[in-house]
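Sequence lines, in order, name chains A and B.
When we follow my numbering, the leftmost residue of the first sequence carries the number 316, and every step to the right adds one.
When we follow my numbering, the leftmost residue of the second sequence carries the number 316, and every step to the right adds one.
Even for Gly, the Cβ is constructed at its ideal location relative to N, Cα and C.
Below: the structure, in C-alpha cells.
There are 2 protein chains.
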Amino acid sequence: MKVLGEKPDIKGCSRTDSFVHARQYCISLKTEHTILCERLVGALNHFLPEDIAVWSCREVPPDFHARYSCTGKEYVYQIWNHPVRDPFQQHRALHYWYQLDLNRLNEAAACYLGTHDFTSFCTLDSRERGDMTRTVTKAEVRREGDLVLFTVAADGFLYNMVRIMVGTLLRVAQGKLEPQQVAEVIEAKDRRAAGPTAPPYGLYLNRVFYEDVKT
Amino acid sequence: MKVLGEKPDIKGCSRTDSFVHARQYCISLKTEHTILCERLVGALNHFLPEDIAVWSCREVPPDFHARYSCTGKEYVYQIWNHPVRDPFQQHRALHYWYQLDLNRLNEAAACYLGTHDFTSFCTLDSRERGDMTRTVTKAEVRREGDLVLFTVAADGFLYNMVRIMVGTLLRVAQGKLEPQQVAEVIEAKDRRAAGPTAPPYGLYLNRVFYEDVKT
Numbered sequence: 316m317k318v319l320g321e322k323p324d325i326k327g328c329s330r331t332d333s334f335v336h337a338r339q340y341c342i343s344l345k346t347e348h349t350i351l352c353e354r355l356v357g358a359l360n361h362f363l364p365e366d367i368a369v370w371s372c373r374e375v376p377p378d379f380h381a382r383y384s385c386t387g388k389e390y391v392y393q394i395w396n397h398p399v400r401d402p403f404q405q406h407r408a409l410h411y412w413y414q415l416d417l418n419r420l421n422e423a424a425a426c427y428l429g430t431h432d433f434t435s436f437c438t439l440d441s442r443e444r445g446d447m448t449r450t451v452t453k454a455e456v457r458r459e460g461d462l463v464l465f466t467v468a469a470d471g472f473l474y475n476m477v478r479i480m481v482g483t484l485l486r487v488a489q490g491k492l493e494p495q496q497v498a499e500v501i502e503a504k505d506r507r508a509a510g511p512t513a514p515p516y517g518l519y520l521n522r523v524f525y526e527d528v529k530t
Numbered sequence: 316m317k318v319l320g321e322k323p324d325i326k327g328c329s330r331t332d333s334f335v336h337a338r339q340y341c342i343s344l345k346t347e348h349t350i351l352c353e354r355l356v357g358a359l360n361h362f363l364p365e366d367i368a369v370w371s372c373r374e375v376p377p378d379f380h381a382r383y384s385c386t387g388k389e390y391v392y393q394i395w396n397h398p399v400r401d402p403f404q405q406h407r408a409l410h411y412w413y414q415l416d417l418n419r420l421n422e423a424a425a426c427y428l429g430t431h432d433f434t435s436f437c438t439l440d441s442r443e444r445g446d447m448t449r450t451v452t453k454a455e456v457r458r459e460g461d462l463v464l465f466t467v468a469a470d471g472f473l474y475n476m477v478r479i480m481v482g483t484l485l486r487v488a489q490g491k492l493e494p495q496q497v498a499e500v501i502e503a504k505d506r507r508a509a510g511p512t513a514p515p516y517g518l519y520l521n522r523v524f525y526e527d528v529k530t
C-alpha cells in the first residue's frame, strides 16, 4: 500500500502454517499503478521485513491468479539425522537421532506416487471440504551429508499433507510400519491410520509451478 | 553443575561477542567426577539450550587450558553478495548489494599475511593491553554461489580484529582504498586508519587449533 498508494487485493499461491519456510512463493495483484516491474522489486524489499524478500515481478494476463492458476507445488522436508543436534539447523530441520535407512524410506515414499484419495494425510478442519484426491508426481528421500531431505511434488496438497507424510515415513523408520504398508494407510482414508504430523519448522515450500510461466 | 554435581571452573578458548557464531569451540574443566567422556556429551546436550551443542569430549593432561594451550584459530566472515537479500541468511551473513571483485579483495587480504602489529585492527578497550603483534597464516576470499567468504587464520586475534579486517576489505571494495594501501593501514598502527567494524552476525569462529590435539 505504501508503494502503490492503493490497497491491492493480494492473492497468495498457498496457505503456509507458522514456522513453515518458503524458498519460492507467488502472489498476484491488480494495480492501476504504472510503476515498472523492476522498480517494484526494490520498492517492496525496502518496506518488507528482513525475513521476506521479493525476487522478481512481472506483468501477467488479467485472469492470472496466484492460487487458481497454480498447476503444482514442490515441498522439501529437512531432517537433521545425527546423534548430536546442529545449532545451525535449529528451527530449520527436524532432529532425528538414529541413522535413517534411505532404501526403506524410499520404498515407503514410492507408495505416495500417483493419484490417490489422501484423506489419511489431511488434518480435518473446516477448511478442507470436497475432493481429497491429489496426484503426486515426485516422492523421494535423499541424503546430503547429515541432512535427509524428503521431496514431494503434486498438483495440490491437502492441509498438513506433507507433514503427515513425513510423520508416516518416520513410523516406517521406527519399524512401527513396514514400507509397503503405507499403501494400506492411504487405502484406509482415515487420518488415524497415518503417523503424527511432523513439526512445521522442517518444511519448505520449494517450488510453485504455473503453465507457460517459468519460475 | 547439574551433570557433575559440582561447579567446575570452566575455561573457554575465546571471548565471542553477541551474535557471533561458532562452528567449533573448546572449553576445558577439571572435575573429580568419574563420568565417562562419551556419557558426558549426551548429558550436557540434554541440559544445554538448543542453540549450543557439545560434539565431543576427551580427557587431557592436567596442564591443558582451553585458552592458553590454544595455538591458533580460524575465522570465517560470510557476506551475502546479491542485489536482493536472502531471508535464510538473516543474522547469518552481511548483505552487500554490489558485485564484489574477488581479485581485488584477495590482493588486499594478502597484506594481512605475516607477522604485524595489528593495533589498527583492534577496538581499544580495557581488555586489550600488551603486545599487539599477531601472525596471520591464512587470509583469503572465495565465492560459493552468492556467498563471499573471508577466511583468516592466526596464532591469536585482537578484540574485533576480524570484523575490522572485513570493514577494511569493504572499503577496498567501495574503491575508497586501494588493495595495496591495506599495508599502510597496518603500518599506521592507528584504529582510525582502518575501516569500520563489520557487524557481528557474519562472523564464525570456524576452527580452534591445539598442539597434538586433533580438532
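Query, Result
"Looking at the structure shown, is B/Cys385 part of a helix, part of a strand, or coil, going by DSSP?", "strand"
"In chain B, which residues lie less than 7 Å from A/Gln405 when you measure between Cβ atoms?", "Glu365 and Asp366"
"Mind pulling the chain B residues with CB within less than 8 Å of A/Arg400?", "Asn360, Glu365 and Ala368"
"How many Å lie between A/Ile350 and A/Arg373 at the Cα?", "11 Å"
"For A/Arg458, collect the residues of the same chain with a Cβ closer than 7 Å to its Cβ; drop the 5 residues on either side in sequence, then sort them by chain order.", "Leu417"
"Does any CB atom of chain C fall closer than 8 Å to the CB of A/Arg354?", "Absent from the structure: chain C. Protein chains present are A and B."
"Report the rounded CA-to-CA distance for B/Arg486 versus B/Arg506, giving the unit in angstroms.", "14 Å"
"Assign B/Gly517 to buried or exposed, taking buried as 16 or more other Cβ atoms, counted over all protein chains shown, within 10 Å of its Cβ.", "buried"
"Less than 6 Å between C-beta atoms, sequence neighbours within five positions excluded: which residues of the same chain meet that for A/Leu415?", "Asn396, Val463 and Ala488"
"For the beta strand (DSSP E) holding A/Arg449, just list the boundary residues, first then last.", "Thr448 to Glu459"
"I'd like to know whether the C-beta atoms of A/Gly387 and A/Ala469 end up nearer to each other than 8 Å.", "yes"
"So, is A/Gln495 buried or exposed, given that buried needs 16 or more other C-beta atoms within 10 angstroms?", "exposed"
"Using the C-alpha atoms, what's the distance from B/Cys341 back to B/Arg444?", "24 Å"
"Would A/Tyr390 be called buried (16 or more neighbouring beta carbons within 10 Å of its own) or exposed?", "buried"
"Pull up the distance between the alpha-carbon of B/Lys410 and that of B/Thr483, whole angstroms please.", "With the sequence shown as reference, residue 410 of chain B is identified as His, and Lys is not the correct amino acid for it. If you take the alpha carbons of B/His410 and B/Thr483, they lie about 16 Å apart."
"Is the closest heavy atom of the ligand SAH to the C-beta of B/Ser333 under 7 Å?", "This structure simply doesn't include the ligand SAH, nor any ligand for that matter."
"Please state the DSSP three-state secondary structure of B/Phe362.", "helix"
"What are the boundary residues of the beta strand (DSSP E) that includes B/Arg407?", "Note, B/Arg407: premise wrong, no beta strand (DSSP E); not H, not E."
"Is the stretch 469-481 of chain A touching the stretch 428-440 of chain A in the sense that three or more CB pairs, one from each, lie closer than 8 Å?", "yes"
"Looking at the structure shown, is A/Thr483 part of a helix, part of a strand, or coil, going by DSSP?", "helix"
"For the alpha helix (DSSP H) containing A/Ala513, list its first residue and its last residue.", "Where A/Ala513 is concerned, there is no enclosing alpha helix (DSSP H), given that its DSSP letter is neither H nor E."
"Quick one, are the C-beta atoms of A/Gly327 and A/Ala368 less than 8 Å apart?", "no"
"With 16 as the cutoff for other CB atoms within 10 Å, does B/His336 come out buried or exposed?", "buried"
"Could you check the C-alpha separation between B/Arg338 and A/Asp440 for me, to the nearest Å?", "43 Å"
"Between the Cα of A/Ile343 and those of A/Asp378, A/Phe362, A/His361 and A/Leu363, spot the shortest distance and give me the residue it belongs to.", "Checking the sequence shown, residue 343 of chain A turns out to be Ser, not Ile. Among A/Asp378, A/Phe362, A/His361 and A/Leu363, the Cα nearest to that of A/Ser343 belongs to A/Asp378."
"Whose C-alpha, out of B/Tyr383, B/Asn421 and B/Val500, is nearest the C-alpha of B/Glu526?", "B/Tyr383"
"Given that a residue counts as buried once 16 or more other Cβ atoms are within 10 Å of its Cβ, and exposed if not, what is B/Gly510?", "buried"
"Is it true that the CB of A/Met447 sits closer than 8 Å to the CB of A/Leu473?", "yes"
"Since A/Asp432 sits in a beta bridge, which residues does DSSP pair it with?", "A/Thr448"
"Out of B/Val523, B/Gly471, B/Ser333 and B/Lys345, which has the shortest C-alpha to C-alpha gap to B/Pro323?", "B/Lys345"
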